[in-house]
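One structure is given here, and the rest of the page talks about it.
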């Protein structure tokens with residue numbers, strides 16, 4: 072993966088930079104010893120590593136602003152970091168960059184049930200936002216699978232989704248306001264406890280901008296009352312076409328499940344070996360979950376079961392207890408762990424129109440043979456968000472490169488059928504060089520123009536999202 | 049002036065690139081919100097047609113000039129709908145013509161169901177537009193989850209044609225529901241009403257409408273809580289909500305399709321303020337702040353929607369603009385003048401740091417300043 076050459080001017084002024092940062096931050100908030108900065112050399116995309124010049128861990132918005140002002144003044148690139156769980160290299164440093172971590176910003180600032188929001192500092196983990204309100208029956212809806220570790224800051228940067236976003240939406244649909252600091256240290260409040268912030272939809276623009284427009288230090292998030300209950304049904308089919316048709320028919324019938332998860336045969340077999348969830352050995356497995364009171368769940372599941380039966384399932388299992396529900400979810404929730412046990416894997420998240428599912432799965436199967444690497448598919452079928460897991464051996468020379476080439480072909484296929492490169496993980500460095508497959512240069516130009524406005528010197532997370540060749544002129548001009 | 053009405057995106061792009069004068073960009077021209085733009089009218093009404101509709105994927109792609117009526121008719125055939133329930137401004141603004149889907153998204157126009165399922169912008173998946181230099185640009189797509197690059201889709205929603213002229217939109221649709229039930233309470237004060245609505249919205253019973261009229265159809269206060277779904281589910285949830293809200297009275301329920309539809313259309317289209325000579329403001333505030341703000345405005349009639357978070361205010365002509373601005377500024381939120389005297393400005397004045405970003409974006413998307421100049425706070 073190509074990264075820009077470090078700026079020698081920045082490297083040569085390290086001592087001065089550290090000195091200035093230490094003047095505005097507590098001593099333990101500035102990390103610059105190479106043995107310690109190494110802990111920040113990568114994120115969840117561990118194939119690429121580079122220790123940063125320094126790491127700052129501010130404990131307030133004012134400290135964030137002070138640190139950014141210094142970096143802005145000295146032309147030092149800044150890579151914002153939540154919990155470092157990005158799968159796309161969103162928090163990968165360069166040698167001349169300062170990592171700005173929000174880990175110390177983890178307070179709950181305000182909880183308001185009457186107006187249904189919570190205001191938190193953005194270093195707080197996704198799950199602990201729900202943790203702060205669940206005793207009172209509330210929850211924060213977006214539920215990325217890394218929710219135990221991932222920070223709200225990263226969720227906003229990547230516009231994270233999760234299994235339940237078919238019903239509840241992704242981060243952008245649940246974010247009401249932010250406090251943000253731009254690269255020059257300007258602090259601003261956008262939106263708040265009211266809906267649809269005034270002026271242009273800057274909240275919408277910031278969400279998913281991969282930390283390139285500003286550092287978000289506080290977020291006002293919509294919270295909802297938990298449903299009375301939820302129950303899944305499991306169904307197995309002997310072809311992907313039939314399973315795909317079943318998904319489409321369920322949606323067309325007017326039932327809106329909270330989640331529709333899909334696993335293919337390689338994935339089912341691997342998770343069975345690992346977790347023994349009692350899944351049927353079939354071509355395609357669906358887990359469909361609905362919410363409501365017991366009677367409401369029964370009514371919805373009846374409709375869903377009728378549709379499923381009309382497609383001749385090889386297995387059909389309706390949960391009637393919490394225990395059975397857990398068992399149905401067990402395999403799905405163990406899927407990634409099961410894959411990790413078999414081998415190294417790369418997880419992609421291209422999204423496709425639901426109608427293209429059978430075609431895309433067939434092509435992925437063919438490509439798997441061409442590249443000589445196994446692939447298992449597990450994904451959110453309701454919204455077409457795929458998660459092909461390509462298995463490779465990191466210790467085998469050339470395997471990672473083959474895997475990346477295979478992955479790129481899958482993503483190009485997603486674009487070809489009118490889908491997109493990434494549904495929830497973000498572009499980062501991983502998909503940066505594929506952007507021109509999805510967008511024309513003019514489409515990228517207008518996106519880069521947005522960055523020009525927020526960060527004219529292109530110092531915030533500069534080497535991400537856009538192909539280096541496309542952003543070269545801007546990054547060099549800014550130096 | 050006869051509006052320019054290009055029939056294709058290419059024709060529009062050429063027109064924008066070659067024009068030397070400002071353009072007043074519109075769809076059907078039914079929502080003339082803001083200062084009248086001094087420029088050549090340009091409508092996208094002729095760039096029309098549904099390009100793609102996949103009911104099983106809950107998605108539709110349509111050219112910007114497609115009428116909302118055509119879209120709703122097509123969706124209804126599959127028992128689906130625009131769930132964000134866009135308001136029709138014709139009655140309130142006394143305009144004629146046909147609202148277009150491009151106009152709905154350009155204005156981020158939503159209705160009562162916004163409180164439960166999100167605003168128009170939450171449903172917008174992809175856009176094609178022509179920027180201020182005549183460049184055709186695309187962002188997003190037609191899939192429901194997409195984080196590939198910046199979300200310029202959201203930026204275009206609610207930008208009132210000041211950043212680009214929308215030519216095509218892809219959006220998410222949702223299933224229509226079989227039954228609608230409404231729980232009504234009579235005679236509540238504004239404060240009690242908002243408290244009751246908050247309680248309902250903070251319950252697990254999926255309320256899809258929460259409104260309060262201090263002066264209902266018969267002149268007395270009425271508070272309305274809507275649930276939608278299957279017949280059984282609606283009956284169950286109405287019963288549970290009635291129990292939950294016992295301290296606000298016994299409440300009465302209404303499930304007649306005609307009556308419930310008419311009742312919510314009354315709120316959606318702000319019907320009580322039609323055909324009267326008054327100034328009308330639209331406020332977005334924290335719901336619990338709403339009654340206090342309304343109480344500060346002399347001679348105001350209010351309609352509370354979105355559990356109190358959306359307030360429609362009617363005040364005597366040429367009065368109260370400054371007062372409304374001050375009351376909203378003190379609490380946080382925003383106020384937009386929809387009809388009447390513009391002395392206090394139309395759109396909410398922005399904090400300086402945000403105004404700088406907004407002006408910067410506008411200068412990049414429309415460097416010649418020809419798209420709806422003067423709208424959304426920028427000096428003409």
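Residue numbers (my numbering), protein chains in the order written: chain P, 72 to 550; chain L, 49 to 428.
For every residue, glycine included, the Cβ atom is placed at its ideal position computed from N, Cα and C.
Here the structure is a predicted model, which means the values were calculated and not measured.
Taking C-beta pairs closer than 7 Å, name the residues in chain L that residue 261 of chain P reaches, listed in chain order.
402
Return yes when the Cβ of residue 523 of chain P is within less than 9 Å of the Cβ of residue 408 of chain L, no when it is not.
yes
When you compare only the Cα positions, how much space is there between residue 198 of chain L and residue 280 of chain P?
5 Å
May I ask you to list the residues that DSSP assigns as paired with residue 362 of chain L?
L:328, L:349
Just checking, does the stretch 445-461 of chain P make contact with the stretch 475-494 of chain P on the three C-beta pairs under 8 Å criterion?
In short, these stretches touch, since the Cβ pair count reaches three.
Tell me the rounded alpha-carbon separation between residue 427 of chain L and residue 384 of chain L.
Per-residue confidence for residue 427 of chain L stands at a pLDDT of 44, beneath the threshold of 50, marking its modelled position as unreliable; the derived number appears in the next sentence. Approximately 17 Å, taken between the alpha carbons.
Please check if any C-beta of chain L sits within less than 9 Å of the C-beta of residue 184 of chain P.
yes
8 Å Cβ shell around residue 387 of chain P - same chain, five flanking residues per side excluded
304, 305, 306, 307, 376, 379, 380
Buried or exposed by the 16-neighbour rule on C-beta atoms within 10 Å, applied to residue 66 of chain L:
exposed
Determine, using beta carbons only, whether residue 142 of chain P and residue 173 of chain P come nearer to each other than 9 Å.
no
Check for me: the beta strand (DSSP E) holding residue 462 of chain P runs from which residue to which?
459-463
Would you mind telling me which residues of chain L sit closer than 8 Å to residue 327 of chain P, beta carbon to beta carbon, in chain order?
222, 223
Can you tell me whether residue 221 of chain L is helix, strand or coil according to DSSP?
coil
Just mark residue 265 of chain L as buried or exposed, buried being the case when its beta carbon has 16 or more other beta carbons within 10 Å.
exposed
Whole angstroms is fine: what's the gap from residue 284 of chain P's alpha carbon to residue 172 of chain L's?
22 Å
To the nearest angstrom, how far is the alpha carbon of residue 242 of chain P from that of residue 399 of chain L?
Taking the straight line from one Cα to the other gives about 25 Å.
Is there a C-beta anywhere in chain L that falls below 9 Å from the one on residue 299 of chain P?
Closer than 9 Å to some Cβ of chain L, the Cβ of residue 299 of chain P qualifies, so yes.
Nearest candidate by alpha-carbon position, reference residue 231 of chain P, set P:202, P:258, P:197, P:206:
Nearest option by C-alpha distance: P:197.
Taking a contact to mean a Cβ-Cβ separation below 9 Å, would you say residue 175 of chain L touches residue 204 of chain L in this structure?
Yes, the pair counts as a contact, with Cβ atoms nearer than the cut-off.
Should residue 357 of chain P and residue 350 of chain P be called a contact, given that it needs their Cβ atoms to be closer than 9 Å?
When the beta-carbon positions are compared, residue 357 of chain P and residue 350 of chain P stay at least 9 Å from each other.
Report the rounded CA-to-CA distance for residue 286 of chain L versus residue 231 of chain L, giving the unit in angstroms.
7 Å
Tell me, which residues are paired with residue 291 of chain P by DSSP?
Its beta-bridge partners are P:190, P:248.
Cβ closer than 9 Å: which chain P residues qualify as neighbours of residue 4 of chain L?
Because residue 4 of chain L is not part of the residues shown, which for chain L are 49 to 428, the question remains open.
Taking all protein chains shown into account, decide if residue 180 of chain P is buried (16 or more other Cβ within 10 angstroms of its Cβ) or exposed.
exposed
Start and end of the alpha helix (DSSP H) containing residue 18 of chain P?
There is simply no residue 18 of chain P to check, as chain P begins at 72 and stops at 550 in what is shown.
If we count the other Cβ atoms within 10 Å of its Cβ and call it buried at 16 or more, is residue 148 of chain P buried or exposed?
In the assembly as shown, residue 148 of chain P is a buried residue. Its beta-carbon has 16 or more other beta-carbons within 10 Å.
Taking CB distances under 9 Å as the criterion, tell me whether residue 318 of chain L reaches chain P.
no
Mark residue 377 of chain L as exposed unless 16 or more other C-beta atoms lie within 10 angstroms of its C-beta, in which case mark it buried.
exposed
Partners in chain L for residue 364 of chain P, counting only beta-carbon separations shorter than 7 Å:
By Cβ distance, chain L contributes 284.
Entirely enclosed alpha helix (DSSP H) segments - the stretch 269-297 of chain L, minimum 4 residues:
279-292
Say whether chain L places a C-beta atom closer than 9 Å to the C-beta of residue 495 of chain P.
yes
If we call anything under 9 Å between Cβ atoms a contact, is residue 91 of chain L one with residue 53 of chain L?
yes
Quick one, are the C-beta atoms of residue 79 of chain L and residue 155 of chain L less than 9 Å apart?
yes
Under 9 Å, Cβ to Cβ, is there at least one residue of chain L near residue 533 of chain P?
Cβ-Cβ to chain L under 9 Å: no for residue 533 of chain P.
Does the distance from the CB of residue 413 of chain L to the CB of residue 180 of chain L come in under 9 Å?
yes
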